[in-house]
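Residue numbers (this note's numbering), protein chains in the order written: chain A, 1 to 114; chain B, 1001 to 1110.
Following: one structure in structure tokens, then a few remarks.
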Amino acid sequence: NAGVTQTPKFQVLKTGQSMTLQCAQDMNHEYMSWYRQDPGMGLRLIHYSVGAGITDQGEVPNGYNVSRSTTEDFPLRLLSAAPSQTSVYFCASSYSGAGGEKLFFGSGTQLSVL
Amino acid sequence: GQQLNQSPQSMFIQEGEDVSMNCTSSSIFNTWLWYKQEPGEGPVLLIALYKAGELTSNGRLTAQFGITRKDSFLNISASIPSDVGIYFCAGLEYGNKLVFGAGTILRVKS
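Rendered as structure tokens:
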């Protein structure tokens, strides 16, 4: 099993550019989420999904869009990149029911916005 | 949203020493978790706690769910070089949403 796969590993954007961070999981998890990690601030929830077709906002959703057309995939879109979005992004998945607190994380995407 | 205060921010200890870190919250959590992140990787779950007062071990790691449900503690005994990394506490909110502390950076001198 690959677990949670994120691509790309590294990305540099110019201010105003758009891009999509990819996330795929092969564990048939209903719950998927995106976090950003900034120094001294831990991980903050951007968006999450409890199943295909269902998404909701987390703590810091502004500037990001998500969709969940399949159970496996949960892409994160930056519509118009800003320097404040320079961060490390993690995708995570888990079961929705019992045991769902045990998130499995991908290895992250390091994004720099110039 | 809820805030978790994790301390210390960083530790630089001698190999073989014991390590203690803690996490406090202004609100009650029903589940506390501890994760470890190594460089270039995502966090990995170490220990999950489900009951107030619960004490759970995973090898040299021991974590406790505070009796008030507003805090949790992680101890690492006899530290070794591979213990280096960032340790995060997390509390579980409604809907499987985790709230994370800012992390404790652990460095070990061998």
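We put the CB at the ideal spot given by N, CA and C, even for glycine.
By the neighbour-count criterion, in which 16 or more other beta carbons inside 10 Å mark a residue as buried, LYS1036/B falls on the buried side. Between LEU111/A and the set ASN28/A, LEU76/A and GLY53/A, the nearest pair of CA atoms involves LEU76/A. If you look at PHE1065/B, you'll find it in the beta strand (DSSP E) that goes 1061 to 1065. In this chain, the beta strand (DSSP E) harbouring TYR1087/B covers 1085 to 1093. By the CB criterion at 8 Å, THR1031/B and TYR1050/B fall inside the cutoff. With respect to chain A, the C-beta atom of PRO1008/B has no partner C-beta closer than 8 Å. Pairing VAL1084/B with ILE1013/B gives a Cβ-Cβ distance that is not under 8 Å. At least one C-beta of chain A is nearer than 8 Å to the C-beta of GLU1041/B. If the five residues before and after LEU1074/B are omitted, its C-beta is found closer than 6 Å to the C-beta atoms of MET1021, TRP1034 and ALA1063, all from its own chain and listed in chain order. If you draw a 10 Å sphere on the C-beta of PRO39/A, you find fewer than 16 other C-beta atoms in it, and that means exposed. Within the region 1015 to 1039 of chain B, THR1031 and LEU1033 place their CB atoms closer than 7 Å to a CB of chain A, listed in sequence order. Burial is judged here by how many other beta carbons sit within 10 angstroms of a residue's own beta carbon; SER87/A has at least 16 and is buried. Using beta-carbon distances, ASN1075/B does not count as an interface residue toward chain A, since no partner is under 8 Å. As DSSP reads the structure, ASP38/A sits in no beta bridge. At a cut-off of 8 Å between beta-carbon atoms, LEU1049/B makes no contact with chain A. In this structure, the CA atom of ASN28/A is about 10 Å from the CA atom of GLY3/A.
In this structure PHE1100/B touches GLY42/A by the C-beta definition: roughly 4 Å separates them, less than 8 Å. The beta-carbon of SER96/A is placed less than 8 Å from the nearest beta-carbon of chain B. Here ALA92/A is bridged, per DSSP, to SER33/A and PHE105/A. For the options SER93/A, ALA52/A, GLU101/A and GLY100/A, the alpha carbon positioned closest to that of TRP34/A is the one of SER93/A. In the assembly as shown, ALA1102/B is a buried residue. Its beta-carbon has 16 or more other beta-carbons within 10 Å. Beta-bridge pairing by DSSP links LEU111/A to GLN11/A and SER87/A.
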